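A.B. asks:
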Amino acid sequence: MAVAELRHLRYLLAVAEHGNFTRAAEELHISQPTLSQQIKQLERALGAQLLDRTGRTVRLTDAGAAYTAHARRALRELAAAERAVHDVHDLSRGHLRLGVTPTFTAYLVGPLAAELHSRHPGVGLTLAELPQDRMETALLADDLDLGIAFAGSHPPGIAASALFTETLSLVVGAPRAQTLPNPLPVHALEDEHLALLSADFATRGHIDAYFAEHRVAPRIAVEANSIQALTEIVRRASLATVLPDAITHEHPRLTPIPLDPPLPARTVALLRRHGSYTSTAASAFTRIVHELVRARGYAPPP
Numbered sequence: 011m012a013v014a015e016l017r018h019l020r021y022l023l024a025v026a027e028h029g030n031f032t033r034a035a036e037e038l039h040i041s042q043p044t045l046s047q048q049i050k051q052l053e054r055a056l057g058a059q060l061l062d063r064t065g066r067t068v069r070l071t072d073a074g075a076a077y078t079a080h081a082r083r084a085l086r087e088l089a090a091a092e093r094a095v096h097d098v099h100d101l102s103r104g105h106l107r108l109g110v111t112p113t114f115t116a117y118l119v120g121p122l123a124a125e126l127h128s129r130h131p132g133v134g135l136t137l138a139e140l141p142q143d144r145m146e147t148a149l150l151a152d153d154l155d156l157g158i159a160f161a162g163s164h165p166p167g168i169a170a171s172a173l174f175t176e177t178l179s180l181v182v183g184a185p186r187a188q189t190l191p192n193p194l195p196v197h198a199l200e201d202e203h204l205a206l207l208s209a210d211f212a213t214r215g216h217i218d219a220y221f222a223e224h225r226v227a228p229r230i231a232v233e234a235n236s237i238q239a240l241t242e243i244v245r246r247a248s249l250a251t252v253l254p255d256a257i258t259h260e261h262p263r264l265t266p267i268p269l270d271p272p273l274p275a276r277t278v279a280l281l282r283r284h285g286s287y288t289s290t291a292a293s294a295f296t297r298i299v300h301e302l303v304r305a306r307g308y309a310p311p312p
């Protein structure tokens, strides 16, 4: 590089992130005096002070903030360039970094990962289960290649392509399903004891908004941050839950009961960073997603 070496950029970003030379040096596995010397070398080369060292924590100056914004972008693009060089078009090797929102781990991720490995065993997969806002942040930071989440309002720089429509229903154990009307009027939920996902799930917010709209207050007996826990509880107890219908396809002892009026459907989407490099592995996975959605008969997006 003309003015700064790549290490200078990484060193500066580490200090900016930690606000402390000692912790940044530990992360970088170099001595603190060496780190301080390298940053001063960069400042001399640029002719500008990048860090304010006068307070308890080290902070970026205005010049430092402007410089680090470009440094982050440069390192991100460099990482994409390195992946492009190492990308193998016959998929004998490669890697995919995938983010998913939690409910998809219950019915979609397993079949997708199995199909990817079956077709392209040389392609590695790193899977992260994340709330949608954190997933979008990771995509923008180039920490993920693709994400599976929901269509809607996305931050600038996120591109979304619709995959299918996800419907939700009341879910009960198979024996109980025979005792309930189909569809079940929404106000009948007040006679039910429910086991629901905890409030940190976007699906729970979707469910609560439906309850509020129709002015029903079901008795919530159990809250859990695990879909597997909910399916086990409902299968064994006389409780009901609300989950995507597709989850019941994986659990023959569970039965979906449509509600009247129905819960609003959601559009599932494949997310990526707009304009980002698309690896051969990401392209192959995208094809697999669309093929699996069609093969499973999921409702097409609106």
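Quick note: the sequence shown, position 24, residue 34 per the numbering used here, numbers continuous. Built from N, CA and C at the ideal position, the CB exists for glycine as well. Source: prediction; values computed, not measured.
(1) Can you tell me whether Tyr-308 is buried or exposed? The criterion is at least 16 other CB atoms within 10 Å of its CB, across all chains shown.
(2) If you measure between the beta carbons of Arg-245 and His-224, is that distance less than 9 Å?
(3) Excluding the 5 residues preceding and the 5 following Pro-310 in the sequence, name in chain order all residues of the same chain whose CB lies nearer than 8 Å to its CB.
(4) Threshold first: 3 residues or longer. Then list the beta strand (DSSP E) segments lying entirely within the region 250-307, N to C.
(5) Counting pairs of Cβ atoms below 8 Å between the region 235-244 and the region 266-276, do you hit three or more?
(6) Give the straight-line distance between the Cα atoms of Ile-257 and Tyr-117, rounded to the nearest whole angstrom.
(7) Closer than 8 Å is the cut-off here; do at least three beta carbon pairs connect the region 290-306 with the region 122-134?
(8) Could you check whether Asp-255 and Leu-204 sit closer than 9 Å to each other, using their CB atoms as the reference points?
(9) In this structure, does DSSP put Pro-195 in helix, strand or coil?
(10) Considering only residues of the same chain and omitting the five flanking positions on each side of Ala-234, which have a CB-CB separation below 6 Å?
(11) What does the Cβ neighbour count give for Thr-251, buried or exposed, with the cut at 16 atoms within 10 Å?
(12) Look at the Cβ atom of Leu-199, then the Cβ atom of Val-226, and state whether they are nearer than 9 Å.
(13) Please list, in chain order, all residues of the same chain as Arg-17 whose beta carbon is under 8 Å from its beta carbon, the five residues on each side excluded.
C.D. replies: Per the coordinate set shown:
(1) buried
(2) no
(3) Phe-174, Thr-175
(4) 251-254, 264-267, 276-283
(5) no
(6) 5 Å
(7) yes
(8) no
(9) strand
(10) Leu-240
(11) buried
(12) yes
(13) Gln-48
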